[in-house]
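Protein sequence lines correspond, in order, to chains A and B. If you read the first sequence in the working numbering, its first letter stands for residue 2, the second for the next number, and so on. If you read the second sequence in the working numbering, its first letter stands for residue -5, the second for the next number, and so on.
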Amino acid sequence: MAGIDVGGHGGKRNLNHEIPLIPFIDFLLCLVAFLLVTAVWSQMARINADAKVPGPPRPDEPDEIKPEKELHVEMRGDKKFQLVWKEGATVVNTIDVDRKAVNMGTEGDITFPALAEKVTSEWKNNGNHKAPTDKKFDRAVLHTDNSTPFSDVIAVIDAVYAPQRDFTLGAKAQKLPAFNLTFAVN
Amino acid sequence: MSGQKALSRFHQPIQVPGRRLIHHIPLPFVVKKAVGGGQRSVNQEIPLIPFIDFLLCIVLFLLASFSATGELPIDKNVRLPKAENVIDMTEAPMVAITGNQIIVDGTAAGSTRTIEDANRMQRVDELFGILKNKRELWKQVNPGKEFPGVAVLQVDRRVTALVVKSVFQTAAMAGYPSISFMVGRLGKGN
């Protein structure tokens, strides 16, 4: 057994102690078994989306709010995506991106790297909210056909969330997607 | 105390029990046979200190990856898509959309068939009622606190966008404007 030896003290009470290693190992093994049984090996995550819901009017709200630029992502065609920057109802710029899906893995997951690249460069050039202390995010609106499968919708949302920005809330700094996405209702 | 002696105290010996029955016979050749004299020692020592170090490492790793929130309930009929630019899961009401059913935390909350038959976005009344009740309950349990308004959608990858948008808008109308889609984590290197 492991012991603590404080040396000899002739004639006095023995101060040496033995550490009971076997119960200690038993305890550790129990702990390992418990933690292994309760462990969660989950690979689940989430992608955020935001519904544009108008709240009640605030007393300090200005009468006229200048519309911000929004990125509208059209995924209605089979061949291409259309990125449209709009300021209110005014179209500022329109960009076409080839709809090239890249297969990922064996379960039929796809990504759109060309779209992700274009959205990233567009945000770098036209994004309004880039400062880490800015609490607002740029808004993206997704227009999709009613028959589009959800896996394709998620692949496009994933591409829209490719540009990441620093975001500081209090003392906590983190990287978050630069856009906040919502669905077009029409 | 010598170093050899100090180290030897940390080892647990395994000793072969040996023979006991003929030990009392006072004849040298009998005693020699009884204790196995002249043969190689078969006693072994288990190095306990490295073993304890190993166990401690496992315990620390498991404690670091321990999650007190428990396992996320995933409907077995839902095949989730995967994505790269994701954030960690949060605790919120879970709305699952399988082939033709909408389920909130295990309770049926409508059918997707009515939306598909109508072929236009519409509010799912049953889902709206359940989510609204959950919101009211949260407010009663947490008086004075701001309602987070977060719901998580578990949507099968084959479900159409029309159904997703309808459920999304229904949840928003019921007071959950911040909707998350549960997805699998796709590694950047995949």
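C-beta: ideal position from N, C-alpha, C; glycine also.
Cα-Cα separation between residue i and residue j, rounded to whole angstroms
i      : j      : result
T169/A : N129/A : 16 Å
R75/A  : A115/A : The displayed chain sequence assigns Glu, not Arg, to residue 75/A. Roughly 15 Å between the two C-alpha positions.
P44/B  : L32/A  : 18 Å
N71/B  : I96/B  : 12 Å
A90/B  : D99/B  : 8 Å
V146/B : L74/B  : 13 Å
L50/B  : E19/A  : 20 Å
R166/A : R152/B : 31 Å
K137/A : A40/A  : 37 Å
E130/B : A168/B : 10 Å
E88/A  : R140/A : 11 Å
G138/B : A174/A : 28 Å
V98/A  : G78/A  : 11 Å
D111/B : K67/A  : 40 Å
G189/B : V144/B : The requested residue 189/B does not occur in the structure, where chain B is confined to residues -5 to 184.
P20/B  : P21/A  : 38 Å
T149/A : I173/B : 19 Å
G109/A : M45/A  : 17 Å
E69/A  : P133/A : 19 Å
K133/B : K76/B  : 34 Å
F175/B : G171/A : 27 Å
I109/B : T145/A : 16 Å
Close-in-space but distant-in-sequence residues of the same chain around residue i (CB under 8 Å, 5 per side omitted)
i      : result
I111/A : A102, V103, N104, M105, S152, D153 and A156
E118/A : A163
I158/A : I48, A50, L143 and L182
Pair within 8 Å by beta-carbon distance, residue i and residue j
i      : j      : result
A52/A  : T183/A : yes
L125/B : P87/B  : yes
L121/B : V161/B : yes
L190/A : V120/A : A question about residue 190/A goes unanswered here, because the residues of chain A that appear run from 2 up to 187.
L36/A  : V53/B  : yes
A155/B : N147/A : yes
I124/A : F82/A  : Note on identity: in this sequence residue 124/A is Trp, with Ile being the wrong assignment. No; because the gap between Cβ atoms is not below 8 Å, this pair is not in contact.
V186/A : Q163/B : yes
E78/B  : L180/B : yes
I46/B  : I23/A  : no
Chain-order list of residues whose beta-carbon lies under 7 Å from that of residue i (same chain, five-residue window excluded)
i       : result
Q(-2)/B : Reliability of the predicted coordinates at Q(-2)/B is poor, the pLDDT of 49 falling under 50, and no value is obtained from them.
Cβ shell of residue i (< 6 Å), same chain only, five flanking positions each side left out
i      : result
N136/B : none
Proximity test, residue i beta-carbon vs the ligand SAH heavy atom, cut-off 7 Å
i      : result
I124/B : The model on display carries no ligand, and the ligand SAH is accordingly not part of it.
Subject >> Chain-ordered residues of the segment 150 to 161 of chain A with a beta carbon less than 9 Å from chain B >> reply: Those residues of the segment 150 to 161 of chain A that come within reach of chain B (Cβ to Cβ, closer than 9 Å) are P150, F151, S152, D153, V154, I155, A156, I158, D159, A160 and V161.
Subject >> Contact list for the segment 149 to 173 of chain B against chain A, Cβ threshold 9 Å >> reply: V149, D150, R151, R152, V153, T154, A155, L156, V157, V158, K159, F162, Q163, A165, A166, M167, G169, Y170, P171, S172 and I173
**OP:** Within the segment 33 to 104 of chain B, note down every full beta strand (DSSP E) run reaching 3 residues or more, in order along the chain.
**Re:** Listed in chain order, the complete beta strand (DSSP E) runs (minimum 3 residues) inside the segment 33 to 104 of chain B are 38 to 41, 88 to 91 and 95 to 98.
**OP:** Quick one: which residues of the segment 75 to 88 of chain B get their C-beta closer than 8 Å to a C-beta of chain A? List them in chain order.
**Re:** P75, K76, A77, E78, N79, V80, I81, D82, M83 and T84
**OP:** Note down, in chain order, all residues in the segment 112 to 130 of chain A with a beta-carbon under 8 Å from any beta-carbon belonging to chain B.
**Re:** T112
**OP:** Check each residue of the segment 128 to 147 of chain A: if its Cβ is closer than 7 Å to any Cβ of chain B, include it; give the result in chain order.
**Re:** So the list reads T145, D146 and N147, given in the order they occur along the chain.
Subject >> beta strand (DSSP E) segments (min. 3 residues) lying fully within the segment 97 to 181 of chain A >> reply: 103 to 105, 110 to 112, 139 to 144, 165 to 170 and 173 to 178
**OP:** Select from the segment 79 to 110 of chain A all residues with a C-beta closer than 8 Å to any C-beta belonging to chain B, and list them in chain order.
**Re:** M105, G106, E108, G109 and D110
Subject >> Interface residues of the segment 22 to 40 of chain A facing chain B [CB-CB below 8 Å] >> reply: L22, I23, F25, I26, L29, L30, L32, V33, L36, L37, T39 and A40
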